[in-house]
Amino acid sequence: MQSLKSPVKTSLLNLYQVKNRSNNLLLVLLVLLVVGLVLIPIFYLVTRASQKSLTQIQELLFRQKTFEVVATTSLLVLLVVLLTAFFGVLIAAGLHFVNLPYFAALIIVAVLPLAIPSYVFTYTWIALIPAFSGFLPAVFILFLTTLPYVILATLAGLRRVDGSQIEVARSFGLTHLQIFFKVVLPQIRGHISGGVLLVGLYTMSDFGAVSLLNVDTLTVTIQNMYRASYDRNAAAVISLVLVALSALFVVGDERFKSKTLRNKSIKTTSVKTYSINKSSYQVTVFSTIFAYAVFAVLVPVYVLLSRFISNPVAVDWSSLLSASISTISVALFGALIALILSAPIGALLSEKPTYFSRFTNRAILIGHALPGVVIGLALVSFGSKISFIYQTTFLLAFAYALLFLAKSVASMTASLARVPEGAKEVAATLGMNKWAVLKNVVTPIAAPGIALGTTLVFLTAMKELPATLMLRPTGFETLATQIWSSAAISRFNEAAPYALVLLLIAAIPTFILSRPDKADKPLSTQEIGN
Amino acid sequence: MRKIIYFGLFSTLLLTLTTGCTAASPKVSELTIYSGRAEGFIAPFFEIWQQQSGIKLNVRYGDSAELAAQILEEGKNSPADLFLSQDAGSLGAISTEQLFSPLANGVADLIPAQYSQTNRDWIGVTARVRVFAYAPDRITITPKTITDLTKPIYKNQLAIAPTNASFQAFLTAVIEKKGRSFAKQWLLDLKKNGVKSYAKNSVIVEAIDKGEVSIGLVNHYYVWEVSESLGRPINVVNGYFEVNDLGNLINVSGVGILASSNKQEAAIDLINFLTSEAIQNKFVTETHEYSLIQSINPPKDLPSLAQVGAPSIDLGLLKNIKNTQDLLIEVGLL
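Protein chains in written order, with this note's numbering: chain A, 1 to 530; chain B, 1001 to 1334.
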């Protein structure tokens, strides 16, 4: 882009700061634009909720039921978060440090459940055990669906752990566990917290699993208000309760993250420093991942396949193909828009934290807890007024970007936080302006986080259902809508091919993302030499 | 995509030009329908109409209640010409906001008036009956009324789906007809009798087949649907309560035309098609639902609506299930 402009290098640092002001204005404007877009659903909710009188709102907020539902939702989130944090870090650390057989297969299996829609997950478990219902099964299902968020985020962090520190620790004779807790964990807290954040927000927003398992969470209450009394304004009031709860969660997560060690130096390589060959570790990690694979991949695939085999239907190949192409293209389109929208956010968050950046981060995250149906209706409300974009693939892709922007931002921030201030200053004295610094210094370091975020958006957009049903062009079918339309009339056998293709497609980016050889050298010496 | 947009702009232009002269309505080439009825059941019917009329149908499949919310949100900007719903409640919500245009007499005239909105905002298309599905080898004495289900012989045997819309519609009818305190006591007695809750009707039927429970309250077509889906006969059959018992409630799927649509004539044509004798017969054989036309035979192996003896109730009353849900919450079933 723009490179050296002034030959006088001594004054360049000053110039950098001066230039930054105009750049800052542009950045702030871009960020405000993105935040404005992200806040569309919240704006919609406030507008709707304000149609209710104050006393009606009070009644809704302070009735017994609201307290119960908030309590159930909070407890659900808490349990799922704790379980995923524990097992996610265990699995990720195991994959990273322990020498395991069938490594590639294990890593794919550990991430694949991300591609299975939670309602399919739940259906298949209910098909296996008809009495599967209630709070603990919901914890179990949501734990299974969201675990990959923590695994992926932790893996991304582990790849950036300073190997030399581990070497030093080993030379002092620390045990593996001591090294992990004293050297590794403090460096990856930010990444773990990014993953946990997504887990918590997802759990709050989930409708598929909790509704099928008969657990009364905020999303179920919201949905019931649409279904039972077609009262959109009451649903908006309860949705705002959900927004408030997610805000609390986001702030709590920030506290946890703030204890992360920030890098002070540029790390040149991130070689896999050591791999543990102890059999007790190998058995523990392997069996944990194996159990996860059985519960989260084999059970759904087995149930779907056995339904399909016991009552085979002629697979409609052309509809399968067109649904696959539609799914991939619109999800990619959405991931691309999310990437573009998150660029200014990333630039802002890579700076020293300010009130503005904190506000931005929160604004983007809190909307993430809203169920798809609310975001869908908000965009219906806005989009239907602009007839030339309403029910086009563009609006659908845009909806995906808004729905999942938090995923790319949350994945990015941990990586961005690791960009050492010193590196940026050095680059500035070399005559780079802000954008050049962003491009040449920040982006390479944040690349894994950005790739992770974009892939997460892609994967989750592929299985998104409620907003897709409302915003897709009429007649446009994705794999998720096809699965839904068969499952809605109990034709699991017809849904099976679509669900299996969804898994296959999801395996590809998952594999690329987690390819061990790639992971070990994100910053090769040649790149540094450039 | 762009073609569609241009076409949209073009047809709007055409429309503004032609609205002045009412006599020659523009030749309609496309019709948009929001369908809460599943694609697997309804698509073949739409296919026939497309071929007969030469009009292309753009069908948006979704959940009935969510589609209703979407239409309410779109308001006058709705691209939909028709709304075909799985249940009367979703149609009622659109009707309350006066977004339907009432159908003239003579449209869908084979459908008896009791199965439509009183002002003919929407018209019933097919019916489903509430039944008890049961395993005949384990349940030798079948219940005569819903109150019988609270008897000790059904202890720990009965399954219901409290979150399901059809169950809630049935319970709404109980509240409307017998009063809230009766309904509450009945639910509490069921609980005392060890009633089991399941997520869906189809899951109840599967649970009966597997022997987890022996009897369950579902819609009449689930036994057939589950057996089709599993690809084998199952050990579950339908049973009916005595004539006029609320357990035999009838609920309908129905259709209405959006007032904002400028393709009223083509839409009326589609409604007449769906309620014609030939197509109603096809519904019965292919989706195992009941036709609302009295002269048409019931689904295979099932008694006629007259034999079932459904309780008479204004379907419009089933719209607001809020009280019903509150009751279910109160007794701890939701």
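Quick reminder that beta carbons are idealized off the backbone N, C-alpha and C, glycines included.
Since this is a predicted model, take the numbers as computed values, not measurements.
**OP:** Quickly, what does DSSP pair serine 258 of chain A with across the bridge? List them, please.
**Re:** Bridge partners of serine 258 of chain A: none, in fact.
Subject >> Within chain B, partners of valine 373 of chain A - CB distance below 7 Å >> reply: Taking the beta carbon of valine 373 of chain A as reference, the chain B residues within 7 Å of it are Glu1066, listed in sequence order.
Original post:
Can a CB atom of chain A be found closer than 8 Å to the CB of serine 1202 of chain B?
Top reply: Output row for serine 1202 of chain B: interface = yes.
Original post:
What is the residue span of the alpha helix (DSSP H) that glycine 976 of chain B lies within?
Top reply: Past the edges of chain B, shown from 1001 to 1334, lies residue 976 of chain B, and the structure says nothing about it.
Subject >> For arginine 63 of chain A and glycine 1332 of chain B, the rounded distance between their alpha carbons >> reply: Rounded to whole angstroms, the gap between the alpha carbons of glycine 1332 of chain B and arginine 63 of chain A is 16 Å.
Subject >> N- and C-terminal bounds of the alpha helix (DSSP H) containing leucine 1031 of chain B >> reply: No alpha helix (DSSP H) holds leucine 1031 of chain B; the beta strand (DSSP E) holding it covers 1030-1035.
Original post:
Mind checking if lysine 1210 of chain B is an interface residue toward chain A, Cβ cutoff 8 Å exclusive?
Top reply: Judged by the 8 Å Cβ criterion, lysine 1210 of chain B is in contact with chain A.
Original post:
For arginine 1128 of chain B, does the three-state DSSP call read helix, strand or coil?
Top reply: If DSSP states are grouped into helix, strand and coil, arginine 1128 of chain B belongs with the strands.
**OP:** Write down the C-beta distance between glutamate 1277 of chain B and isoleucine 1296 of chain B rounded to the nearest angstrom, noting that I regard them as a contact closer than 8 Å.
**Re:** Contact between glutamate 1277 of chain B and isoleucine 1296 of chain B holds: their C-beta atoms lie close to 7 Å from each other, under 8 Å.
**OP:** Provide the residue(s) that pair with phenylalanine 1100 of chain B in DSSP beta bridges, ordered along the chain.
**Re:** Checking the DSSP bridge columns, you'll see phenylalanine 1100 of chain B partnered with B:Leu1258.
Subject >> Per-residue burial, isoleucine 512 of chain A [other beta carbons within 10 Å of its own, 16 or more giving buried] >> reply: By the 10 Å Cβ count, isoleucine 512 of chain A comes out exposed.
Original post:
Which same chain residues, not among the five before or five after leucine 1328 of chain B, have their C-beta less than 6 Å away from its C-beta?
Top reply: When the five nearest sequence neighbours on each side are left out, the beta carbons in the same chain lying within less than 6 Å of the beta carbon of leucine 1328 of chain B are those of Pro1162, Leu1334, in order along the chain.
Original post:
Taking Cβ positions, are leucine 1057 of chain B and valine 1255 of chain B nearer each other than 8 Å?
Top reply: No, these two residues do not count as a Cβ contact at 8 Å.
Subject >> chain B within 8 Å of glutamine 391 of chain A, Cβ atoms only >> reply: So, interface residue.
Subject >> Three-state secondary structure (DSSP) of alanine 1069 of chain B >> reply: In the three-state scheme derived from DSSP, where H, G and I count as helix and E and B as strand, alanine 1069 of chain B is classed as helix.
Subject >> CB contact check: methionine 204 of chain A to chain B, cutoff 8 Å >> reply: Residue contact check for methionine 204 of chain A against chain B: no CB pair falls below 8 Å.
Original post:
Does the separation of the CB atoms of threonine 242 of chain A and leucine 218 of chain A fall below 8 Å?
Top reply: Per the sequence shown, the amino acid found at residue 242 of chain A is leucine instead of threonine. For leucine 242 of chain A and leucine 218 of chain A, yes; Cβs fall inside 8 Å.
Original post:
How is serine 1197 of chain B classed by DSSP in three states: helix, strand or coil?
Top reply: Strand at serine 1197 of chain B.
Original post:
According to DSSP, which residues form a beta bridge with lysine 1056 of chain B?
Top reply: When beta bridges are read from the DSSP output, lysine 1056 of chain B appears opposite B:Glu1030.
Subject >> For leucine 1082 of chain B and alanine 1267 of chain B, the rounded distance between their alpha carbons >> reply: Just so you know, the alpha carbons of alanine 1267 of chain B and leucine 1082 of chain B end up roughly 7 Å apart.
Original post:
For asparagine 214 of chain A, which residues of its own chain have a beta-carbon under 8 Å away from its beta-carbon, when the five flanking residues on both sides are left out?
Top reply: Here the set comprises Ser133, Gly134.
Original post:
Can the beta-carbon of alanine 369 of chain A be found less than 8 Å from the beta-carbon of serine 205 of chain A?
Top reply: A Cβ-Cβ contact shorter than 8 Å links alanine 369 of chain A with serine 205 of chain A.
Subject >> As assigned by DSSP and simplified to three states, the class of glycine 475 of chain A >> reply: It is coil, neither helix nor strand.
Original post:
Taking the Cβ atom as the reference point for each residue, do glycine 88 of chain A and threonine 154 of chain A lie within a distance shorter than 8 Å?
Top reply: Taking 8 Å as the cut-off, the Cβ atoms of glycine 88 of chain A and threonine 154 of chain A count as close.
**OP:** Evaluate contact between the stretch 1143-1156 of chain B and the stretch 1184-1202 of chain B, counting only Cβ atoms and requiring at least three cross-stretch pairs below 8 Å.
**Re:** Touching, per the Cβ criterion.
**OP:** Using DSSP bridges, identify the partner residues of tyrosine 274 of chain A.
**Re:** None, per the DSSP bridge assignment.
Subject >> Residue range of the alpha helix (DSSP H) that includes isoleucine 1175 of chain B >> reply: First-last of the alpha helix (DSSP H) with isoleucine 1175 of chain B: 1165-1178.
**OP:** Using a Cβ-Cβ cut-off of less than 8 Å, list which residues of the stretch 1075-1087 of chain B approach chain A; keep chain order.
**Re:** So the list reads Gly1075, Asn1077, Ser1078, Pro1079, given in the order they occur along the chain.
Original post:
What does alanine 410 of chain A reach in chain B if we use C-beta pairs closer than 8 Å?
Top reply: Chain B residues near alanine 410 of chain A: none, gap ~28 Å exceeds 8 Å.
Subject >> Cutoff 6 Å; reference threonine 1172 of chain B; Cβ partners in own chain excluding five residues on either side >> reply: Contacts found: Leu1318, Ile1321, Thr1324.
**OP:** Please confirm if isoleucine 1055 of chain B has its CB atom under 8 Å from at least one CB of chain A.
**Re:** No, its Cβ sits nowhere closer than 8 Å to a Cβ of chain A.
**OP:** Would you check if there are 3 or more beta carbon pairs closer than 8 Å linking the stretch 1175-1186 of chain B to the stretch 1217-1236 of chain B?
**Re:** Flag = no, the stretch 1175-1186 of chain B and the stretch 1217-1236 of chain B do not touch.
Subject >> Nonlocal neighbours in the same chain, by C-beta distance under 7 Å from threonine 360 of chain A, ignoring five residues either side >> reply: Counting only residues of its own chain and dropping the five nearest sequence neighbours on each side, threonine 360 of chain A has a CB closer than 7 Å to the CB of Val31, Val35, Ile345, Leu348.
Original post:
Which two residues bound the contiguous alpha helix (DSSP H) that contains asparagine 1238 of chain B?
Top reply: Taken as a continuous stretch (DSSP letters only), asparagine 1238 of chain B belongs to no alpha helix (DSSP H), being part of the beta strand (DSSP E) at 1237-1239.
Subject >> Cβ of isoleucine 1329 of chain B within 8 Å of any chain A Cβ >> reply: Chain A contact via Cβ: present.
Original post:
How about threonine 1150 of chain B: is its C-beta nearer than 8 Å to some C-beta of chain A?
Top reply: Cβ-Cβ to chain A under 8 Å: no for threonine 1150 of chain B.
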